[in-house]
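Notes to accompany the following structure.
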Amino acid sequence: MAESAHQETHGFQTEVKQLLQLMIHSLYSNKEIFLRELVSNAADAADKLRFKALSNDSLYEGDGDLQVKLSIDKDAGTITITDNGIGMNKADVIEHLGTIAKSGTKEFFGKLSGDDAKDSQLIGQFGVGFYSAFIVADKVTVCTRAAGDDKAQGAQWESAGEGEFTIADIEKAERGTEITLHLKEEEKEFLDDWRLRSIVSKYSDHISIPVKMFKEEEPERDGPDDTKIPAVPGFWESVNKATALWTRDKSEVSEDEYKEFYKHISHDFSDPMTWSHNKVEGKTEYTSLLYIPSKAPFDMWNRDHKHGLKLYVQRVFIMDDAEQMLPTYLRFVKGLLDSNDLPLNVSREILQDNKVTQAMRQGCTKRVLQMLEKIAKNDAEKYQVFWAEFGNALKEGPAEDFANKEKIAGLMRFASTHTDSEAQTVSLADYISRMQEKQEKIYYITADSYQAAKSSPHLEIFRKKGIEVLLMSDRVDEWLMSHLTDFAEKSFQSITHGALDLGDLEDEESKKALEEAEKQVEGLAERVKAALGDKVKDVKFTHRLTNSPACIVADEQGMTTQMIKLMQAAGQPVPEAQYHFELNPEHELVKLLADVHDEEQFAQWTGVLFDQAALSEQGSLKDPASFVQNLNKLLASLAK
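See below:
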């Protein structure tokens with residue numbers, strides 16, 4: 001190949017500079033992964049060529065034998081990784097080797113602390129790919145040409161990883177990519193043939209195309225009985241099994257192989273939490289290999305986050321991120337599907353409404369839920385790790401997947417008044433097993449935070465009667481409960497929404513005490529309603545409070561406070577909410593209010609009690625200055 005005179009110098013994207021600086025230090029303890037990442041990229045390039053060649057066979061350029069070659073030059077101190085895959089043109093090189101095209105990249109770097117041990121986990125989760133070459137190399141040279149391009153349209157990229165790179169036009173006879181690593185002086189251990197072979201065997205045995213290294217010529221030598229063993233010429237020898245892992249029988253695949261394959265397809269550095277490998281036969285025939293990660297991807301909540309399974313048809317790679325194969329609430333699942341029934345020219349549009357797709361989607365969803373049920377049943381501690389990482393995604397399930405709503409609900413975990421911490425450890429089955437004898441409903445409260453839920457005055461009667469209440473404080477909870485109406489034939493009841501009906505849990509003694517207390521402040525509810533006007537929908541006495549004087553309650557058919565906040569945060573127009581104002585007739589402040597005859601002072605007391613209740617429920621007031629003014633006037637009058 002001959003380099004042309006034209007050469008350009010470009011600066012790395014800011015995030016690339018940060019990544020290079022951090023990665024070299026944070027991943028140094030596991031530096032051999034550079035070879036895994038580069039071989040994995042080479043295999044992906046072969047997969048992409050095979051797919052594109054389905055519609056344009058000329059891309060093979062007469063060479064359909066896809067492979068990766070590793071070669072060592074001890075004198076030059078270099079390792080070269082060569083593939084004959086899809087290759088890149090000049091624009092591709094600038095885009096892929098000068099930038100990081102991942103959504104949420106800036107936010108990701110904001111999470112890095114400077115602690116190498118902690119940052120290495122985050123960087124591994126981010127996926128470093130090509131840039132891992134700089135862990136062992138002080139200069140990297142890439143020569144590439146896109147399949148189908150003229151040999152004069154090659155490109156050479158070169159960088160020392162210090163802020164900029166050069167790119168030049170070159171002539172390259174063969175399609176594909178050749179990456180040469182100029183090793184640092186202290187990394188010359190990787191120039192050992194056996195060392196590289198062992199790394200390939202450890203990390204890349206599952207790659208479906210051969211990874212080859214050159215076996216040196218063996219000269220003629222003496223054998224037993226004065227015979228001569230003939231010379232063996234040098235040849236390129238495959239050093240991996242080169243069989244697609246998912247096509248092998250489960251009994252033939254080791255745990256380590258499954259783990260390494262996960263890292264290959266997910267670009268995650270951590271081991272998966274669990275996996276399931278299945279071959280389905282019948283009306284629809286396909287193989288699935290599904291993984292539950294141990295850590296959530298850094299950009300899982302980013303709107304541009306790509307998710308889905310790798311899709312193969314008859315072992316031919318078709319696409320990354322086939323999101324049609326799993327519902328969105330399971331977007332954290334990694335893995336692949338290999339179908340015998342889909343056409344090789346399948347597109348995302350065809351997948352959308354395809355009966356085969358629907359059957360595979362249902363099967364994969366069922367399989368993932370079974371995996372999670374198994375972990376929840378057999379290893380509660382491990383399941384808590386899963387829930388902490390992915391619980392909020394799973395909470396989207398009941399709205400999206402009605403057919404599996406009961407199963408999804410059974411996998412959920414919540415905090416409750418039965419536990420002493422905000423850790424979400426209580427399952428709905430746990431709650432039901434502890435329900436009181438005459439209890440018919442599952443009671444819950446949603447709030448901005450665990451502390452706000454735990455301290456809500458709405459819990460007072462439940463604490464008095466020893467009734468467990470689920471404490472929900474995640475943003476998704478209010479939306480979840482608008483779709484999750486029942487579980488195991490028990491309906492859910494918000495304790496802050498609508499009239500409180502404890503049914504048979506109410507005792508006659510409490511009812512009589514409430515009636516007697518109401519007689520003592522007869523007519524107060526009407527006076528309070530007149531003082532508050534259209535601030536409230538209604539004013540009434542309540543038995544839901546034991547320590548607080550008053551509370552506000554959302555209308556049975558109206559929006560709850562949390563739903564209003566959700567809509568406002570999303571920029572949605574929200575109608576003005578009117579609450580029911582409920583008074584505790586047994587509380588000293590309510591009794592005091594009933595004895596206030598000065599109408600101006602009565603209005604001030606009423607305003608303070610209402611604002612207190614609103615502050616407790618909503619976390620803020622529309623007119624805090626008015627509240628403070630009223631409170632100060634009352635305090636001043638009491639001091640006289």
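Using full-length UniProt numbering, you'd call the opening residue of the sequence shown number 1 and step up by one each time. Ideal Cβ placement from N, Cα and C applies to all residues, glycine included. These figures come from a predicted structure and were not determined experimentally.
Subject >> leucine 583: first and last residue of the uninterrupted beta strand (DSSP E) it sits in >> reply: Position 583 of the sequence shown, counted from the start, is the residue given in the question as residue 583. Residues 579-583.
**OP:** Pull up the distance between the alpha-carbon of threonine 287 and that of threonine 247, whole angstroms please.
**Re:** For the purposes of this step, residue 287 is identified with residue 287 of the sequence shown, where counting begins at 1. For the purposes of this step, residue 247 is identified with residue 247 of the sequence shown, where counting begins at 1. The C-alpha of threonine 247 is placed about 8 Å away from the C-alpha of threonine 287.
Original post:
Residues bridged to histidine 96 by DSSP?
Top reply: As a working note, residue 96 is residue 96 in the sequence shown. Answer is none; histidine 96 lacks a bridge partner.
Original post:
Exposed or buried, which one is tryptophan 301 when buried takes at least 16 other CB atoms within 10 Å?
Top reply: The count along the sequence shown starts at 1 and reaches residue 301 at position 301. Tryptophan 301 should be labelled exposed.
**OP:** Please determine if the segment 292-301 and the segment 265-275 are in contact, where contact requires at least 3 C-beta pairs separated by less than 8 Å.
**Re:** yes
Original post:
Tell me which same chain residues have a C-beta within less than 6 Å of the C-beta of glutamate 588, skipping the five on either side of it?
Top reply: Position 588 of the sequence shown, counting from 1, holds the residue named residue 588. Excluding residues within five positions, none has a Cβ falling inside 6 Å.
Original post:
With distances taken between CB atoms, is the gap from isoleucine 79 to isoleucine 72 smaller than 8 Å?
Top reply: Within the sequence shown, numbered from 1, the residue matching residue 79 stands at position 79. Within the sequence shown, numbered from 1, the residue matching residue 72 stands at position 72. Cβ distance < 8 Å, so isoleucine 79 and isoleucine 72 count as in contact.
**OP:** Return the CA-CA distance between phenylalanine 487 and glycine 335, expressed in angstroms with no decimal places.
**Re:** Locating residue 487 in the sequence shown gives position 487, where the first residue counts as 1. Locating residue 335 in the sequence shown gives position 335, where the first residue counts as 1. Cα-Cα distance, rounded: 31 Å.
Subject >> Spatial distance of glutamine 7 from glutamate 164 (CA atoms) >> reply: Within the sequence shown, residue 7 is the residue found at index 7, counting from 1. Within the sequence shown, residue 164 is the residue found at index 164, counting from 1. Looking at the two C-alpha atoms, the distance is approximately 13 Å.
Subject >> Cα-Cα separation between alanine 625 and glutamine 370, rounded to whole angstroms >> reply: Locating residue 625 in the sequence shown gives position 625, counting from the first residue. Locating residue 370 in the sequence shown gives position 370, counting from the first residue. Spanning the two alpha carbons is a distance of roughly 55 Å.
**OP:** Give the DSSP-derived three-state secondary structure of glutamate 252 in the structure shown.
**Re:** Your numbering for residue 252 matches position 252 in the sequence shown. In this structure, glutamate 252 counts as helix in the three-state DSSP scheme.
Original post:
glutamate 162 CB to nearest chain B CB: under 8 Å?
Top reply: Of the protein chains in the structure, only one exists, and it is not chain B.
Original post:
Going along the chain, which residues of its own chain have a beta-carbon closer than 6 Å to the beta-carbon of glutamine 493, five neighbours each way excluded?
Top reply: The residue given as residue 493 occupies position 493 in the sequence shown. Same-chain partners within the cutoff: Lys441, Tyr443.
**OP:** Indicate the three-state DSSP secondary structure (helix, strand or coil) for asparagine 547 in the structure shown.
**Re:** Numbered from its first residue, the sequence shown carries residue 547 at position 547. DSSP places asparagine 547 in coil when its eight states are reduced to three.
Subject >> Residues of its chain near glycine 234, where Cβ-Cβ distance is below 8 Å and the 5 sequence neighbours each way are ignored >> reply: The residue you call residue 234 lines up with position 234 of the sequence shown. Same-chain partners within the cutoff: Phe214, Lys215, Glu216, Glu217.
Subject >> Where the beta strand (DSSP E) containing glutamate 32 begins and where it ends >> reply: Translated into the one-based positions of the sequence shown, residue 32 becomes position 32. Looking at the DSSP string, glutamate 32 is not in any beta strand (DSSP E), and its letter there is neither H nor E.
**OP:** Keeping to the same chain, check which residues put their C-beta closer than 6 Å to that of leucine 330; ignore five residues upstream and five downstream.
**Re:** On the sequence shown, residue 330 is found 330 positions in, with the first residue counted as 1. Only residues of its own chain outside the window of five on either side were considered, and among them Val368 have a CB closer than 6 Å to the CB of leucine 330, listed in chain order.
Original post:
In its own chain, which residues sit with a C-beta less than 7 Å from the C-beta of leucine 59, not counting the 5 before and 5 after it?
Top reply: Here residue 59 refers to the residue found at position 59 when the sequence shown is read from its first residue. Excluding positions up to five away in sequence, the list reads Leu49, Lys52, Ala53, Ala147, Gly148.
Original post:
Rounded to a whole number of angstroms, what is the C-alpha to C-alpha distance between serine 339 and phenylalanine 332?
Top reply: The count along the sequence shown starts at 1 and reaches residue 339 at position 339. The count along the sequence shown starts at 1 and reaches residue 332 at position 332. When rounded, the distance between both Cα atoms is 21 Å.
Original post:
What residues in its chain sit with their C-beta under 6 Å from that of leucine 372, if we drop five residues either side in the sequence?
Top reply: On the sequence shown, position 372 is the one that residue 372 refers to. Taken in chain order, the residues that qualify are Leu411.
Original post:
So who's on the other strand from threonine 446, going by DSSP bridges?
Top reply: Taking the first residue of the sequence shown as 1, we reach residue 446 at position 446. Answer is Met472, bridged to threonine 446.
Original post:
Near glycine 124, which residues of its chain fall below 8 Å by C-beta distance, leaving aside the five closest residues on each side in sequence?
Top reply: The residue given as residue 124 occupies position 124 in the sequence shown. Because glycine 124 carries a pLDDT of 49, less than 50, the predicted location of this residue cannot be relied on, and the following value inherits that uncertainty. Counting only Cβ-Cβ distances below 8 Å, and skipping sequence neighbours, we find Leu27, Asp268, Phe269, Ser270.
Subject >> Pair within 8 Å by beta-carbon distance, arginine 481 and threonine 446 >> reply: As a first step, residue 481 must be located in the sequence shown, where it is residue number 481. As a first step, residue 446 must be located in the sequence shown, where it is residue number 446. Checking the sequence shown, residue 481 turns out to be methionine, not arginine. For methionine 481 and threonine 446, yes; Cβs fall inside 8 Å.
**OP:** For the alpha helix (DSSP H) containing leucine 326, list its first residue and its last residue.
**Re:** The residue labelled residue 326 in the question sits at position 326 within the sequence shown. Taken as a continuous stretch (DSSP letters only), leucine 326 belongs to no alpha helix (DSSP H), as it is neither H nor E.
Subject >> Residue range of the beta strand (DSSP E) that includes leucine 311 >> reply: Walking along the sequence shown from the start, residue 311 turns up at place 311. Unbroken beta strand (DSSP E) run through leucine 311: 309-313.
Original post:
Per DSSP, which one or two residues make a beta bridge with asparagine 278?
Top reply: Residue 278 sits at position 278 when you count from the first residue of the sequence shown. Bridge partners of asparagine 278: Ser288.
Original post:
Starting from phenylalanine 12 and walking both ways along the beta strand (DSSP E), at which residues does that stretch end?
Top reply: The residue given as residue 12 occupies position 12 in the sequence shown. Phenylalanine 12 -> no beta strand (DSSP E), and no H or E assigned at all.
Subject >> Local conformation of arginine 145 per DSSP, three classes >> reply: Indexing the sequence shown from 1 puts residue 145 at position 145. Three-state DSSP puts arginine 145 in a strand.
**OP:** Rounded to whole angstroms, what's the CA-CA distance from residue 643 to isoleucine 495? Just pull it up for me.
**Re:** Residue numbering for the chain in the displayed model covers 1 to 640; residue 643 lies beyond these limits and cannot be assessed.
Original post:
Which residues mark the beginning and the end of the beta strand (DSSP E) in which serine 427 is found?
Top reply: Position 427 of the sequence shown, counting from 1, holds the residue named residue 427. Run containing serine 427: none; DSSP gives neither H nor E here.
Original post:
Who are the near neighbours of phenylalanine 627 in its chain, counting only those whose CB is closer than 6 Å to its CB and skipping five residues on each side?
Top reply: To locate residue 627, count along the sequence shown from 1; it is residue 627. For phenylalanine 627, where only same-chain residues beyond five positions count, the Cβ hits under 6 Å are Asp611, Leu621.
**OP:** Note down the Cα distance separating lysine 202 from alanine 42, rounded to an integer number of angstroms.
**Re:** On the sequence shown, position 202 is the one that residue 202 refers to. On the sequence shown, position 42 is the one that residue 42 refers to. C-alpha of lysine 202 to C-alpha of alanine 42: approximately 17 Å in a straight line.
Original post:
For alanine 137, which residues does DSSP report across the bridge?
Top reply: Within the sequence shown, residue 137 is the residue found at index 137, counting from 1. In the DSSP output, where bridge partners are listed per residue, alanine 137 has Leu183.
Subject >> Rounded separation between alanine 155 and cysteine 143 - CA only >> reply: Mapped onto the sequence shown, residue 155 falls at position 155. Mapped onto the sequence shown, residue 143 falls at position 143. If you take the alpha carbons of alanine 155 and cysteine 143, they lie about 6 Å apart.
Original post:
Excluding sequence positions up to five away, which residues of its chain have a Cβ less than 6 Å from the Cβ of aspartate 47?
Top reply: As a first step, residue 47 is located in the sequence shown; it is residue number 47 there, counting from the start. Once the five neighbours on either side are set aside, the close Cβ partners of aspartate 47 are Phe317.
**OP:** Kindly identify the DSSP beta-bridge partner or partners of alanine 168.
**Re:** Position 168 of the sequence shown, counted from the first residue, corresponds to residue 168. Note: alanine 168 sits in a beta bridge opposite Gln7, Gln156.
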